[in-house]
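Enquirer: Quick one: structure below, then a few questions.
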DNA sequence: TAGTGGTCTAGACCACTAG
DNA sequence: TAGTGGTCTAGACCACTAT
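Protein chains in written order, with this note's numbering: chain A, 9 to 269; chain B, 9 to 269.
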């Protein structure tokens, strides 16, 4: 079936784009619902009277747009969107971590989701450029890093690498442990007298690199949010820089603030 | 030239992925710099001893990842990343718009960029779902909308649609005009006694739809940031909801806030 | 074993750019 | 006009899923 799109004799769009647009239309109007299997490539090729290759290209376009996922040997399916998790600023609430809940859990359990994390690396490393800039040190200066993967209901959704100046780690040595204890790293910092007072987050979005696609098990057509968080103490000194790469389809960032003067 | 990637006899990766990975490696190591032209498809096919089609697929993968752009009749080029524009929360500073500068300009001229905007629509329309939810009204209730495209140094970088409840527009009727005057819409609201006190922004990222790609002239492999801004007055009532779609490669969101209690 | 999507080839023809 | 990338075909063969 051809959709309602303009399809005059002088339609300048390449066939592959027309097919993709038509199928997209059928998805958007609900003709195919999330999770539904689309007709096979052969069927689509016959319907649009074009070659298999063109049909494939059309599906490729839809996969890039995040509308379709394909499973070898089974078929092509309308993508089901996972419920996006909110990252609100109140997850940094001091009372929360004083109650023994880490930032990660604070966010998750409010939404009935199960958050877990897997440690990937715990080591002293030379500071990468983005980290050095924000910590106010020379790139390459040794810093402590905690690299972890966080998962929501079993699906990895974030690669988070936290960097700390060495003297900060000296004061709160539990940061070197795999498990930082109740309330997480921020709670240990406060206990050690490092009073966090300001957080800043910078974010942008881009397509994932190949290793990121694999690590986050990203379906084609899913971008990542690239977030840099800097935590500062009362003197304005940066005591932690976190570089995070998040699966965009599982994250919603949220910020509320008074209108500044 | 084959890169340093593992390329044993049992390399399970499909040829198109190997070629893409190798070229990506040469870009990342600086062998090809941003703006450089890559070898032609024919040359690449010869180098890797594979068909033209495979070479094309490899380049497609790189384009999807935002690393390469191609220009018909000219060649394939390493993508040059535009300098990402920062969207800091101080662009909402009240003193700025009191001085006659709109939020848009406040952000741009601090960075030596030229911001312009083109009005796309100015009308009374039924409230879309996302807007109605935040304004606390029924979907379909009439609201006033200002749809505009903003451009930075001539390139469109944002589609921004602002929705206002009708009674707010009554109080600040300049919102209905194409040009809202010095300081922009927020300044007119304040003059009319609608004192903005809180702003919240929610954002996520996704791949663009076809019309968005066209309107923002997005290169392949560029996601968009989907941002919803809600502005509230002193009573906590939402007086404006903005739905914005931004070219991710031209935007960096930035938020700084005290650690909440 | 049949049906599905994934990879790959060889080659025709079109559209755009540049000299 | 020569060179480049874009579209499209027809068909071989592989890999995975189901029965």
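By construction, the Cβ of each residue, glycine as well, lies at the ideal position given by its N, Cα and C atoms.
1. Secondary structure at residue 225 of chain B, three-state DSSP: helix, strand or coil?
2. Enumerate in chain order the residues of its own chain whose CB-to-CB distance from residue 90 of chain A is below 8 Å, with the five nearest sequence positions on each side excluded.
3. So that I know if they touch, is there some Cβ in chain B lying closer than 8 Å to that of residue 172 of chain A?
4. Excluding the five sequence neighbours on either side, which residues of its own chain have a C-beta within less than 6 Å of the C-beta of residue 94 of chain A, listed in chain order?
5. Is there at least one Cβ from chain B nearer than 8 Å to residue 86 of chain A's Cβ?
6. Please say whether residue 168 of chain A and residue 252 of chain A have beta carbons closer to each other than 8 Å?
7. Output, in chain order, the set of chain B residues within a Cβ distance shorter than 7 Å of residue 78 of chain A.
8. Should residue 42 of chain A go down as buried or exposed, given a rule of 16 or more other Cβ atoms within 10 Å for buried?
9. What are the boundary residues of the alpha helix (DSSP H) that residue 67 of chain A is part of?
10. For a test of your reading of the model: does the CB of residue 184 of chain B fall under 7 Å from any non-hydrogen atom of the ligand GTP? Yes or no.
11. Find the residues of chain B that neighbour residue 259 of chain A, judging by a C-beta separation of less than 7 Å, and give them in chain order.
12. CA-CA distance, residue 30 of chain B and residue 216 of chain A?
13. What are the partner residues of residue 134 of chain A, as DSSP defines its beta bridges?
14. Show which residues of chain B have a CB atom less than 9 Å away from the CB atom of residue 3 of chain A.
15. Can you tell me where the beta strand (DSSP E) with residue 166 of chain B in it begins and where it stops?
16. With residue 207 of chain A as the anchor, note down where its alpha helix (DSSP H) starts and where it stops.
17. Looking only at C-alpha atoms, which of A:88, A:103 and A:131 sits nearest to residue 36 of chain A?
18. According to DSSP, what are the bridge partners of residue 85 of chain A?
19. Who does residue 234 of chain B pair with in a DSSP beta bridge?
20. Here's the rule I'm using: 16 or more other beta-carbon atoms within 10 Å means buried, otherwise exposed. How should residue 73 of chain B be labelled?
21. In whole angstroms, what is the alpha-carbon distance linking residue 249 of chain B and residue 140 of chain B?
22. Does the contact criterion of 3 or more C-beta pairs under 8 Å hold for the segment 226-236 of chain A versus the segment 182-196 of chain A?
23. In chain B, which residues lie less than 7 Å from residue 40 of chain A when you measure between Cβ atoms?
24. Please confirm if residue 243 of chain A has its CB atom under 8 Å from at least one CB of chain B.
25. Within 10 angstroms of its Cβ, does residue 17 of chain B collect 16 or more other Cβ (buried), or is it exposed?
26. For the structure I just gave you, are there three or more beta carbon pairs, one from the segment 60-80 of chain B and one from the segment 93-107 of chain B, closer than 8 Å?
27. Going along chain A, which residues have a C-beta under 7 Å from residue 205 of chain B?
28. Can you say whether residue 175 of chain B is buried or exposed, counting buried as having 16 or more other CB atoms within 10 angstroms of its CB?
29. Going along chain B in order, which residues have a C-beta closer than 8 Å to the C-beta of residue 1 of chain A?
30. Taking Cβ positions, are residue 56 of chain A and residue 192 of chain A nearer each other than 8 Å?
31. Taking residue 231 of chain B as the query, report the chain A residues whose CB atoms sit under 8 Å from its CB, ordered along the chain.
32. With distances taken from CA atoms, which of A:196, A:71, A:126 and A:51 is nearest residue 157 of chain A?
33. State yes or no: is the beta carbon of residue 74 of chain A nearer than 8 Å to at least one beta carbon in chain B?
34. Assuming contact is defined by CB atoms lying nearer than 8 Å, are residue 208 of chain A and residue 241 of chain A in contact in what I supplied?
35. Taking 6 Å as the limit between beta carbons, can you name the residues of its chain near residue 9 of chain A, skipping five residues before and five after?
36. Using beta-carbon positions only, say whether residue 173 of chain A and residue 77 of chain A come within less than 8 Å of one another.
Expert: On the basis of the coordinates in this document:
1. coil
2. 163, 257 and 258
3. no
4. 260 and 262
5. no
6. yes
7. Ordered by position in chain B, no residue passes the 7 Å Cβ test against residue 78 of chain A, which lies about 15 Å from the chain.
8. exposed
9. 60-72
10. Judged by which ligands are present, the structure shown has none, so any question about the ligand GTP falls away.
11. For residue 259 of chain A, the chain B residues whose C-beta falls within less than 7 Å of its own C-beta are 212, listed in chain order.
12. 17 Å
13. A:150, per the DSSP bridge assignment.
14. Nothing about residue 3 of chain A can be reported from this structure: the residues present for chain A run from 9 to 269 only.
15. 163-173
16. It is not in any alpha helix (DSSP H) - residue 207 of chain A instead sits in the beta strand (DSSP E) that spans 204-214.
17. Per the Cα distances, A:88.
18. A:45 and A:77
19. B:212 and B:253
20. buried
21. 9 Å
22. no
23. Close to residue 40 of chain A, with beta-carbon spacing below 7 Å, lies no residue of chain B; the smallest spacing is near 17 Å.
24. Against chain B, the CB of residue 243 of chain A has no partner CB under 8 Å away; the residue lies outside that interface.
25. Low local confidence applies: a pLDDT of 43 at residue 17 of chain B is under 50, so the model's placement there is unreliable, with the coordinate-based value given in what follows. Exposed, because fewer than 16 other Cβ atoms sit within 10 Å of the Cβ of residue 17 of chain B.
26. Touching, no, given that fewer than three Cβ pairs across the two stretches are closer than 8 Å.
27. Within 7 Å of the CB of residue 205 of chain B, the CB atoms of chain A belong to 266 and 267, in sequence order along the chain.
28. exposed
29. Nothing can be reported for residue 1 of chain A: it is not among the residues displayed for chain A, which extend from 9 to 269.
30. no
31. 213, 214, 215, 231 and 256
32. A:126
33. Yes, because at least one Cβ of chain B sits closer than 8 Å to the Cβ of residue 74 of chain A.
34. no
35. Confidence is the limiting factor: at residue 9 of chain A the pLDDT is only 33, short of 50, which leaves the residue's position unreliable and the question unanswerable from this model.
36. no
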